[in-house]
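K.L.:
Questions regarding the structure given below will be posed in turn.
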Amino acid sequence: MGKIKSSLGKKEILLFAVKCIVLNVAFICAFSALSAFLIYKFDIDLSWQKWMSIPTSALCAFLTAFLCGLKFKNNGFIIGCITYIPLFIFSLANLISGKSFLIKLAACVLLSGIGGLYSVKRAKRVRLKK
Numbered sequence: 018m019g020k021i022k023s024s025l026g027k028k029e030i031l032l033f034a035v036k037c038i039v040l041n042v043a044f045i046c047a048f049s050a051l052s053a054f055l056i057y058k059f060d061i062d063l064s065w066q067k068w069m070s071i072p073t074s075a076l077c078a079f080l081t082a083f084l085c086g087l088k089f090k091n092n093g094f095i096i097g098c099i100t101y102i103p104l105f106i107f108s109l110a111n112l113i114s115g116k117s118f119l120i121k122l123a124a125c126v127l128l129s130g131i132g133g134l135y136s137v138k139r140a141k142r143v144r145l146k147k
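First residue of the sequence shown? That's 18 in our numbering, and the numbers climb one at a time after it.
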């Protein structure tokens, strides 16, 4: 029985993984700084900080999935969920210790999947005319 050949080589998979990690770190740092600035500037009670982390993580998951999924032509929802894995590992301790674990997990997985699905559908629309 022959080997099953994949359309993605090791180099493409490695670049995809690096791109996911770099974008996740960049977006989570930027959005965390933005939410910290908003909490400080508007003098919001610190008990709201755990609830501000949900849109921060969800927006990070969506944008990372969207930008990483632009290269792919199919399986957008799966690609989007795969791009959430580095962010999940990065914030696992914070997710489990918080009371909003399931809400944040569901929002991030759903929005990362939608981001990947949207980017793949967007990539399909670009066609060359003969």
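Note that the Cβ used here is the ideal one computed from N, Cα and C, for glycine as well.
1. Can Gly130 and Phe105 be called in contact, C-beta distance under 8 Å?
2. In terms of residues, what are the limits of the alpha helix (DSSP H) holding Leu31?
3. Closest by CA to Phe89, which one among Lys138, Lys58, Ser74 and Leu31?
4. What distance in whole Å lies between the Cβ atoms of Ala82 and Gly133, which are believed to be in contact at a cut-off of 8 Å?
5. Less than 6 Å between C-beta atoms, sequence neighbours within five positions excluded: which residues of the same chain meet that for Leu31?
6. For the putative contact between Ala124 and Ile61, defined by C-beta atoms under 8 Å, what is the C-beta separation to the nearest angstrom?
7. When you compare each of Ala34, Ser108 and Lys27 to Ser74 by their alpha carbons, which one comes out closest?
8. Looking at Leu36: is its Cβ nearer than 8 Å to the Cβ of Cys77?
9. At 4 residues or longer, what runs of the alpha helix (DSSP H) sit wholly inside the segment 53-99?
10. For Pro103 and Ala34, what's the separation of their Cα atoms in angstroms?
P.N.:
Taking the definition as stated:
1. no
2. Lys27 to Lys58
3. Lys138
4. 4 Å
5. none
6. The pair is not a contact, with the Cβ atoms about 20 Å apart (cut-off 8 Å).
7. Ser108
8. Sequence inspection shows Lys at residue 36; the Leu mentioned does not correspond to that position. For Lys36 and Cys77, no; Cβs fall outside 8 Å.
9. 66-85
10. 9 Å
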